[in-house]
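Structure record follows, encoded as structure tokens.
There are 2 protein chains.
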Amino acid sequence: MNFMNSIFELETPCLLLDLDRLERNIGRFAAIATQHRVTLRPHLKTLKSIEAALLTVGKDGPITVSTLAEAEYFSAAGFRDIVYAVGIAPGKLSRAKRLVSSGVDLKLLTDSTAVARAASGLGMKFLLEVDCGDERGGLPMNSPHLLAVAKEISEGGNIVAGVLTHAGHSYSTNDLNEVKKIAEEERRSAVGAAALLRSAGYPAPIVSIGSTPTVAFGENFNGVTEVRAGVFMPFDLDQMSRGVCSADDLALSVLTTVIGHNREAGRILVDAGGLALSKDISASGFLVGAGYGHVVDAKSAISLGLVIDGVSQEHGKINLADPTWFERLPVGSQVRVFPNHACFTAAAYPGYHLIKNGDLAGQWNRVNGW
Amino acid sequence: MNFMNSIFELETPCLLLDLDRLERNIGRFAAIATQHRVTLRPHLKTLKSIEAALLTVGKDGPITVSTLAEAEYFSAAGFRDIVYAVGIAPGKLSRAKRLVSSGVDLKLLTDSTAVARAASGLGMKFLLEVDCGDERGGLPMNSPHLLAVAKEISEGGNIVAGVLTHAGHSYSTNDLNEVKKIAEEERRSAVGAAALLRSAGYPAPIVSIGSTPTVAFGENFNGVTEVRAGVFMPFDLDQMSRGVCSADDLALSVLTTVIGHNREAGRILVDAGGLALSKDISASGFLVGAGYGHVVDAKSAISLGLVIDGVSQEHGKINLADPTWFERLPVGSQVRVFPNHACFTAAAYPGYHLIKNGDLAGQWNRVNGW
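Top to bottom, those sequences are chains S and G. Residue numbers for the first sequence follow our numbering, beginning at 3 and rising by one. Residue numbers for the second sequence follow our numbering, beginning at 3 and rising by one.
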């Protein structure tokens with residue numbers, strides 16, 4: 003056994019990223035985009051990794067980010083076509099301007115005349131945020147305020163580059179027919195808002211939609227120019243619980259070590275707790291027994307039928323119905339955990355240990371924070 | 003207005019730490035330890051900051067950590083008396099040994115003969131973990147296994163330095179009389195286990211107990227040599243919900259900026275979402291309307307009566323009963339958020355902006371990860 007090829011030599015907790023699964027997931031979504039003749043602009047908010055971005059769209063491909071720290075990290079690696087898909091705070095405009103000055107084709111997001119006014123004279127591109135039913139950011143597709151914001155952007159010497167919407171409410175259901183309806187609402191809202199802008203004389207070339215479920219199951223992409231999705235790359239229990247992927251697609255896991263047996267309580271303790279897994283339990287809405295993650299064999303990723311039932315900061319707790327697990331998982335042995343929500347779990351780590359067929363195959367770093 | 007003294011120039015989201023409140027909280031727990039004639043061994047798992055440790059016990063004082071990364075960070079700053087209060091995985095022993103070789107008086111934790119065997123010949127100090135009812139790590143106070151582990155430690159040339167227990171179940175109640183009972187169980191378990199070890203010939207000089215609630219409200223510390231508590235330094239809504247502190251004691255907050263007004267949904271959006279606040283909602287068990295944090299004035303920290311009602315990765319959502327808040331909190335304005343659980347919220351950041359009377363007063367860094 004080659005020392006560097008064995009996950010069993012890794013210090014835990016750490017993140018494992020299965021390259022074969024990752025490539026398959028990326029291939030699936032690239033094919034969806036090709037089929038619907040839209041551009042895939044992957045959202046890097048999940049993996050926040052240069053190599054993952056390169057694998058998906060190449061260096062010249064378009065990407066989506068959720069923080070300016072990500073925008074800076076990817077631009078330093080050569081990425082130029084970047085959408086920052088969170089409404090920008092006025093206080094962040096000067097930092098965004100520095101990216102544009104360095105050659106990045108950065109598209110900012112807003113639905114606010116105040117932001118548009120604050121950007122006056124900066125020569126930035128803006129996407130107008132449209133609310134397609136998620137009730138987070140954005141204006142309704144027919145809102146006269148859309149034109150007011152566009153006017154303010156344009157009069158301040160900035161560019162109305164298009165519209166963006168996100169069907170975050172697609173996560174509220176695991177009914178695929180419901181997801182398809184939401185996908186159509188998402189499309190219709192974005193296309194409608196773009197039509198409104200164009201009717202008022204703004205070219206609005208970009209019509210950007212996307213969430214992993216609506217991109218996966220949407221049937222009509224007419225008028226859409228690009229789709230954003232991110233968590234599809236590694237997938238997670240949250241997506242699995244909504245029928246968007248299967249257990250065999252889960253590419254991200256936390257490697258953890260058994261640190262104790264509480265035989266009186268019928269419980270195994272591992273060194274992946276709430277910080278290592280995150281406190282996100284979003285899969286539990288549609289997946290009974292998701293807990294804080296599914297426990298699988300460290301090498302094969304085959305389910306052990308065990309769950310992280312509870313966490314404290316540095317402890318994961320696995321409740322046992324069958325005490326023979328105390329013998330099968332001795333103190334010092336390792337298991338892997340498929341987390342609820344990859345975006346949140348990955349954020350606790352500086353990067354990924356790559357695996358292929360259960361063996362180590364390199365490392366990728368990631369950017370965190372703001 | 004001095005540029006560097008204004009929190010309004012900070013990029014958000016970021017962490018603010020109120021020095022006056024921090025010092026007052028530290029003073030309160032130092033006085034508790036003095037009153038009960040026990041050593042305060044603060045748990046640095048919450049703030050993970052050298053300066054916070056220095057402020058509490060000085061460089062020669064004893065500290066508690068939850069990761070080896072913390073142990074290394076504090077030892078590099080000169081701290082020598084360190085308890086690593088999570089059951090150690092066999093795979094981490096060599097890293098712990100390096101700390102000991104560099105001069106750290108490190109105490110490890112275990113309840114496992116397998117770990118004791120793996121440590122054979124390393125010359126390390128161990129505390130035996132006792133379960134006082136939390137059902138996490140540890141053996142019952144009267145368990146013969148305690149002696150088996152002690153024997154294995156001792157025969158392997160390692161040292162039985164004492165016992166450690168943690169009444170994590172003190173968080174299951176907000177009834178102070180119940181907390182007092184749990185504190186007494188915690189004390190009795192540790193003292194009983196130490197007596198068992200001593201009766202078998204092991205000196206067991208350290209009898210370590212502690213959780214913030216049981217240290218705050220325990221009445222009898224006979225036989226205990228030290229108390230561990232950590233979240234008392236900044237406190238949080240979780241502790242407030244259990245009556246351990248008041249709103250005026252909350253020292254840690256997240257500074258955030260309004261990035262959008264969704265007037266149709268009656269909702270203000272801020273740039274502190276689930277990553278900036280964490281998905282921990284532990285205060286909600288005993289505090290109706292804790293949400294993902296309480297919203298307060300950025301400068302005065304006076305409550306605005308608003309709550310972060312929902313989060314997505316980079317968005318916090320404040321639902322408004324009163325639409326005049328759209329005028330009072332324009333896009334670009336800042337508020338602060340008192341989080342549910344300081345340990346989890348702080349872990350997303352590289353450090354703290356210190357404030358005194360609402361003005362900036364320096365920065366401290368912190369260590370994250372493992």
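Ideal Cβ positions, reconstructed from N, Cα and C, are used throughout, including at glycine. No experiment lies behind these values; they were computed from the predicted model shown.
With respect to the 7 Å criterion, G/MET143 and G/VAL132 are classified as neighbours on the basis of their beta carbons. In the three-state reduction of the DSSP assignment, G/LYS358 falls in the strand class, which pools E and B.
Under the three-state reduction of DSSP, S/HIS263 is assigned to strand.
Assignment of beta-bridge partners to G/PHE128 by DSSP yields G/LEU110 and G/VAL162. Listed as beta-bridge partners of S/LEU19 by DSSP are S/LEU254 and S/LEU356. At least one CB of chain G lies nearer than 7 Å to the CB of S/LEU271.
Non-local C-beta neighbours of S/HIS263 in its own chain, meaning closer than 7 Å and more than five positions away in sequence, comprise ILE270, PHE328 and VAL333, ordered along the chain. Given a length threshold of 3 residues, each whole run of the beta strand (DSSP E) inside the region 198-241 of chain G is given here in chain order: 208-211.
Around G/ASP282, the beta-carbon contacts reaching into chain S at under 8 Å are GLY276 and LYS281.
Residue S/ARG244 holds the alpha-carbon nearest to the alpha-carbon of S/HIS171 among S/ALA87, S/SER305 and S/ARG244. Rounded to the nearest angstrom, the gap between the Cα atoms of G/ASP20 and S/ARG119 is 34 Å.
Going by C-alpha positions, G/LYS61 is about 8 Å away from G/ALA55.
By the neighbour-count criterion, in which 16 or more other beta carbons inside 10 Å mark a residue as buried, G/GLU154 falls on the buried side. Every alpha helix (DSSP H) of 4 residues or more that sits fully in the region 74-124 of chain G is shown, in chain order, as 95-103 and 115-120.
Shown here, S/TRP372 sits in coil according to DSSP, grouped into three states, outside any helix or strand. Restricting attention to S/ASN342, S/GLN315 and S/ASP273, the CA atom closest to the CA of S/SER286 is found in S/ASN342. Residue-level contact check: S/LYS47 touches chain G, since one or more beta carbons of chain G fall below 7 Å from its beta carbon. Looking from the CA of G/VAL102, the closest CA among G/ASP361, G/ALA121, G/ASP273 and G/PHE234 belongs to G/ALA121. With a 10 Å radius around the Cβ and a threshold of 16 neighbouring Cβ atoms, G/PRO205 comes out exposed. Residues of the region 281-314 of chain G whose Cβ lies closer than 7 Å to any Cβ of chain S, in chain order: LYS281, ASP282 and SER314.
Neighbours of S/GLY105 in chain G, taken as residues at a C-beta separation under 8 Å, are lacking, since the least C-beta distance is about 22 Å.
Closer than 9 Å at the C-beta level to chain S, one finds these residues of the region 343-370 of chain G: HIS343, CYS345, PHE346, ALA349, ALA350, TYR351, PRO352 and ASN370. Residue contact check for G/SER114 against chain S: a CB pair falls below 7 Å.
The beta carbon of S/ARG138 falls within 7 Å of a beta carbon belonging to chain G, placing the residue at that interface.
Taking one beta carbon from each stretch, the region 89-102 of chain S and the region 8-26 of chain G have 3 or more pairs nearer than 8 Å; the two touch.
The Cβ of G/HIS168 sits no closer than 7 Å to any Cβ of chain S. In the same chain as G/LEU331, and ignoring 5 residues on each side of it, the C-beta atoms closer than 7 Å to its own belong to VAL260, ILE270 and VAL337, in chain order.
S/GLU13 reaches chain G at GLY93, LYS94, ARG97 and TRP372, counting residues in chain order whose Cβ is nearer than 8 Å. Its Cα nearest to that of G/PHE346, the residue G/PRO236 stands out among G/PRO236, G/ALA35 and G/ILE34. Cβ atoms of S/GLY125 and S/GLY159 come within 8 Å of each other, at about 6 Å. Two segments are said to touch when three or more pairs of C-beta atoms, one from each, lie closer than 8 Å; by this definition the region 271-279 of chain G touches the region 313-329 of chain G.
If you check the CB distance, G/GLU137 and S/ALA323 do not come in under 7 Å. Contact annotation for G/ASN176 against chain S: no contact, minimum CB-CB distance about 18 Å [criterion: below 7 Å]. In the three-state reduction of the DSSP assignment, S/PHE288 falls in the coil class, being assigned neither a helical nor a strand state. Ranked by Cα distance from S/SER156, the first of S/LEU129, S/HIS45, S/LEU49 and S/GLU221 is S/LEU129.
Check the Cα spacing between S/GLY135 and each of S/ALA349, S/ILE161, S/ALA192 and S/LEU198: the tightest is with S/ALA192.
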